[in-house]
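Visitor: Questions regarding the structure given below will be posed in turn.
Residue numbers (our numbering): 74 to 598.
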């Protein structure tokens, strides 16, 4: 079990660390997306969702080429824009015909701001990575999550005194300190780590284990019913070919508001708008509801007649919906979201300390610590780039958001390119520098970038920290303050790593003197 725990945690540990860290940040992805679009005004209160839905629906009706299907996420306490994606009627050969954009809730027009994914990039990377087909990325994430689940279970079995060790921490004791830190971080968040790992697998269970579904549901009608249990998207069906104006989307949303509350509408979806066969689905929001199971009201698009109300699903679908909600944490208020963030950060540190502990434990047993074997050097360098280098890359992504020209073609993609270019440079730096020097230099670089990011924000936008505090814009103020907190954290890590270098040298000198001491002792006896 000890060997299983060690190797299950190591083989995909670098992938797991990046998944944990980007997933941790994703609990505030909506706030990061707001920060990434400083041109969009701060909303002091949530606008009337019914009015906003009508404005954006009207904008879709005016689009060139027509829109055969659309879905919009309405603004709420965490989102100051309307995110929408749609399928165009006139498709370009070789393309899927999908488009996406953010819309201004005040006008209904597309947001005149920089092209960026914002926090959405970290969220998508967390479970499907980048530069690879989405299905491949999700399979890799699933395999890594299964390794993590094995590491958690085998870790509990291996550490027989795990709860006793939780109350023990020995400072500056080399390998013992790393083990104590690993145990403390593991035990404190153990229920959360087990839940977040298992629920992550459940969210994509239809991809990882499709055979039961294929065996049980063979008829198209049965599969359509299954899809309805898991989502609020209406099957498109076929258009009638007869043009007909859409009924008032505002009135449909008003009915949903009367049922669920003024600010509790999450999405509005439509199929075949402008056709006699149009359907509109108004979906309930997720805040305060510990389930991702869909609750929605379906309307006839041309008349606004209520056709169907879905507010419950079967027990199996509801179980899956609860696990899904627990994983994403979108039901949470601000306090609960911060708890998610901190415990998930502990999970990230748990993976990181496990990776570092592998090298610390084996360094003491090397015949010549100054000339370790290739596998050890590889793991050591990958640790530097995966941990300190990822901090550099993520912060560089935010710097790119402020520095890249707004007119740059493919600007959102270039922000992502900057992320991976900096990460690759961090790996190259770790390969050419001594390991401890690479740790210190990359941690200091990450600290500097994080500390200067609020300064860069103040120089390049009208949303400086003092302005945000004055107008009560806690999204921008909170991100600036958090950057300084994280800068201090990285600086502390850099200082402690630099101080420990002397200790490592002393340990190596002591190991060289050890045979002499043993020989002297033997002679005396």
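Just so you know, even glycine gets a beta-carbon here, dropped at the ideal spot from N, CA and C.
These numbers were taken from a predicted model, which means no experiment stands behind them.
Could you tell me if residue 141 is buried or exposed, where buried requires 16 or more neighbouring beta carbons within 10 angstroms of its beta carbon?
Guide: As a first step, residue 141 is located in the chain shown; it is residue number 68 there, counting from the start. Burial call: buried.
Visitor: So, does the stretch 488 to 501 touch the stretch 450 to 468, judging by three or more C-beta pairs under 8 Å?
Guide: Short answer: they touch.
Visitor: If you measure between the beta carbons of residue 372 and residue 325, is that distance less than 7 Å?
Guide: The residue labelled residue 372 in the question sits at position 299 within the chain shown. The residue labelled residue 325 in the question sits at position 252 within the chain shown. Taking 7 Å as the Cβ cut-off, residue 372 and residue 325 qualify as a contacting pair.
Visitor: Can you name the start and end residues of the beta strand (DSSP E) that residue 427 belongs to?
Guide: Here the question's residue 427 lines up with position 354 in the chain shown. Careful: residue 427 lies outside any beta strand (DSSP E), inside the alpha helix (DSSP H) at 407 to 436.
Visitor: Can you tell me whether DSSP reads residue 316 as helix, strand or coil?
Guide: Position 243 of the chain shown holds residue 316. Strand, per DSSP.
Visitor: So what's residue 343 in DSSP terms, helix, strand or just coil?
Guide: On the chain shown, position 270 is the one that residue 343 refers to. Residue state, collapsed to three classes: strand.
Visitor: Specify the secondary structure class of residue 259 as computed by DSSP and reduced to three states.
Guide: Working through the chain shown from its first residue, we reach residue 259 at position 186. Correct three-state label for residue 259: helix.
Visitor: Counting Cβ pairs closer than 8 Å, one from the stretch 147 to 155 and one from the stretch 191 to 204, do we hit at least three?
Guide: Touching, no.
Visitor: Kindly identify the DSSP beta-bridge partner or partners of residue 144.
Guide: As a working note, residue 144 is residue 71 in the chain shown. Bridge partners of residue 144: 158, 342.
Visitor: Residue 349 and residue 52 - do their beta-carbons sit closer together than 7 Å?
Guide: Nothing about residue 52 can be read from this structure; the chain reaches only from 74 to 598.
Visitor: So residue 271 and residue 303 are in contact, right, with Cβ under 8 Å, and what is the actual spacing, rounded?
Guide: Looking up residue 271 in the chain shown gives position 198. Looking up residue 303 in the chain shown gives position 230. That belief does not hold up - the Cβ atoms of residue 271 and residue 303 are roughly 18 Å apart, past 8 Å.
Visitor: Could you check which residue in 383, 328, 113 has the C-alpha nearest to that of residue 298?
Guide: The residue given as residue 298 occupies position 225 in the chain shown. Nearest C-alpha to residue 298: 383.
Visitor: Hey, how far is the Cα of residue 481 from the Cα of residue 226?
Guide: If you number the chain shown from 1, residue 481 lands on position 408. If you number the chain shown from 1, residue 226 lands on position 153. Their Cα atoms are separated by approximately 48 Å.
Visitor: Can you list, in chain order, the residues of its chain with a C-beta nearer than 7 Å to that of residue 419? Leave out the 5 residues immediately preceding and following it.
Guide: Here residue 419 corresponds to residue number 346 of the chain shown, with the count starting at 1. So the list reads 258, 261, 262, once near-sequence residues are dropped.
Visitor: On a Cα-Cα basis, can you pick out the residue from 190, 122, 91, 96 that is closest to residue 334?
Guide: Here the question's residue 334 lines up with position 261 in the chain shown. Ranking the options by Cα distance to residue 334, first place goes to 122.
Visitor: Kindly confirm or deny that the stretch 564 to 571 and the stretch 512 to 523 touch, where touching means at least three C-beta pairs closer than 8 Å.
Guide: Because the criterion of three Cβ pairs below 8 Å is met, the stretch 564 to 571 and the stretch 512 to 523 touch.
Visitor: Am I right that residue 277 and residue 215 are in contact with their C-beta atoms under 8 Å? What's the rounded C-beta distance?
Guide: Within the chain shown, residue 277 is the residue found at index 204, counting from 1. Within the chain shown, residue 215 is the residue found at index 142, counting from 1. With 8 Å as the limit, residue 277 and residue 215 qualify as a contact, their Cβ atoms being about 6 Å apart.
Visitor: Going along the chain, which unbroken runs of the alpha helix (DSSP H) with 4 or more residues stay wholly within the stretch 484 to 568?
Guide: 484 to 505, 508 to 533, 538 to 544, all fully within the stretch 484 to 568.
Visitor: Please list the terminal residues of the continuous alpha helix (DSSP H) segment that includes residue 453.
Guide: In the chain shown, the residue the question calls residue 453 occupies position 380. Where residue 453 is concerned, the enclosing alpha helix (DSSP H) stretches over 447 to 476.
Visitor: When you compare only the Cα positions, how much space is there between residue 85 and residue 410?
Guide: Numbered from 1 along the chain shown, position 12 holds the residue referred to as residue 85. Numbered from 1 along the chain shown, position 337 holds the residue referred to as residue 410. Approximately 27 Å, taken between the alpha carbons.
Visitor: Measuring alpha carbon to alpha carbon, tell me which of 539, 390, 378, 177 ends up nearest residue 365.
Guide: Along the chain shown, read from residue 1 onward, the residue named residue 365 stands at position 292. It is 390 whose Cα lies nearest to the Cα of residue 365.
Visitor: Hey, how far is the Cα of residue 567 from the Cα of residue 455?
Guide: Taking the chain shown and counting its residues from 1, one reaches residue 567 at position 494. Taking the chain shown and counting its residues from 1, one reaches residue 455 at position 382. Cα to Cα, residue 567 sits roughly 17 Å from residue 455.
Visitor: Please report how far the alpha carbon of residue 592 lies from the alpha carbon of residue 438, in whole angstroms.
Guide: For the purposes of this step, residue 592 is taken as residue 519 along the chain shown, with counting starting at 1. For the purposes of this step, residue 438 is taken as residue 365 along the chain shown, with counting starting at 1. In this predicted model, residue 592 has a pLDDT of only 29, less than 50, meaning its place in the structure is not dependable; the value taken from the coordinates is given anyway. For residue 592 and residue 438, the distance between alpha carbons rounds to 20 Å.
Visitor: Among 370, 196, 351, whose alpha-carbon lies nearest the alpha-carbon of residue 98?
Guide: In the chain shown, the residue the question calls residue 98 occupies position 25. Measuring from the Cα of residue 98, the nearest candidate turns out to be 196.
Visitor: Using 10 angstroms around the beta-carbon of residue 489, count the other beta-carbons present and answer buried if the total reaches 16, otherwise exposed.
Guide: Against the chain shown, residue 489 aligns to sequence position 416. Buried: at least 16 other Cβ atoms inside 10 Å.
Visitor: By a C-beta neighbour count over all protein chains shown, 10 Å radius and 16 as the cutoff for buried, is residue 284 buried or exposed?
Guide: As a first step, residue 284 must be located in the chain shown, where it is residue number 211. Label assigned to residue 284: exposed.
Visitor: If we call anything under 7 Å between Cβ atoms a contact, is residue 523 one with residue 564?
Guide: Sequence index remark: in the chain shown, residue 523 carries index 450 (1-based). Sequence index remark: in the chain shown, residue 564 carries index 491 (1-based). No. Outside cutoff.
Visitor: Taking buried to mean at least 16 other C-beta atoms within 10 Å of its own C-beta, is residue 318 buried or exposed?
Guide: As a first step, residue 318 must be located in the chain shown, where it is residue number 245. Exposed is the call here.
Visitor: Do residue 161 and residue 170 come within 7 Å of each other at the CB atom, strictly closer than that value?
Guide: Here residue 170 refers to the residue found at position 97 when the chain shown is read from its first residue. Here residue 161 refers to the residue found at position 88 when the chain shown is read from its first residue. Closer than 7 Å, so yes.
Visitor: Express the C-alpha separation of residue 175 and residue 184 in angstroms, rounding to a whole number.
Guide: On the chain shown, position 111 is the one that residue 184 refers to. On the chain shown, position 102 is the one that residue 175 refers to. Cα to Cα, the separation comes out at about 6 Å.
Visitor: Quick one: any contact between the stretch 533 to 553 and the stretch 100 to 111, if contact means 3 or more CB pairs under 8 Å?
Guide: They touch, by the three-pair rule.
Visitor: Tell me the residue span of the beta strand (DSSP E) that contains residue 354.
Guide: Taking the chain shown and counting its residues from 1, the one referred to as residue 354 is at position 281. First-last of the beta strand (DSSP E) with residue 354: 352 to 357.
Visitor: Does any C-beta atom of chain B lie closer than 7 Å to the C-beta of residue 288?
Guide: Of the protein chains in the structure, only one exists, and it is not chain B.
Visitor: Looking at the secondary structure, which residues open and close the alpha helix (DSSP H) in which residue 278 lies?
Guide: Residue numbering aside, residue 278 sits at position 205 when the chain shown is read from its first letter. Residues 278 to 281.
Visitor: Helix or strand or just coil, what does DSSP make of residue 76?
Guide: By 1-based counting over the chain shown, the position of residue 76 is 3. Residue 76 falls in the helix class under three-state DSSP.
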